[in-house]
C-alpha cells in the first residue's frame, strides 16, 4: 500500500481511486517498482553508449503504450523515484546527486515518450536500426 500511495493521482486530478487501488496487485507493483529501479541502474551503466541505450528505452516506451501509459504520466513519476533514491542513498543523496539523477531520469523519459508516441512501429525495427531513438 505504501508504494501505491506514491502513484495515486499520477493520471491527473480527474482520476480517483477507491482505497488507493490502481488496478494492480501489490506483487505486480513491487515487481514493476524493482524493474523501474533496474532500468535506472542500466541507464547509468550505458550512458556512455547511447547506441545501446536509446533503442532499448525507445522500445520500453513502446511496451508501455498498450497499457494506456500516456507521455504526460512519465515526468510525474520523478517525485516517487526521487523519494526511493533518497530512502536508499540517505546521507549520500546530496543536491548534486539529486540533480544528476534528475537529468538521467528525464533523459530516460524523453526516449520512452518517443517510443510511446511511435508505438505503432514494429518493435524489431526499433531494436534494430531505427535512428529516431538516438
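Residue numbers (the working numbering): 797 to 930.
We put the CB at the ideal spot given by N, CA and C, even for glycine.
None of the values given here were measured: they were computed from a predicted structure.
CA-CA distance, residue 831 and residue 861? 17 Å
Every unbroken beta strand (DSSP E) within the segment 861-885, with a cutoff of 3 residues, ordered by chain: none
Would you check if the distance between the CB atom of residue 909 and the CB atom of residue 870 is smaller than 8 Å? Yes; because the gap between Cβ atoms is below 8 Å, this pair is in contact.
Does DSSP classify residue 854 as helix, strand or coil? helix
Under 7 Å Cβ to Cβ from residue 865, same chain only, skipping five residues before and after it: list those, please. 912
Backbone CA spacing between residue 914 and residue 890 [nearest angstrom]: Whole-angstrom Cα-Cα distance: 36 Å.
Just to confirm the assignment, what range does the alpha helix (DSSP H) spanning residue 887 have? Note, residue 887: premise wrong, no alpha helix (DSSP H); not H, not E.
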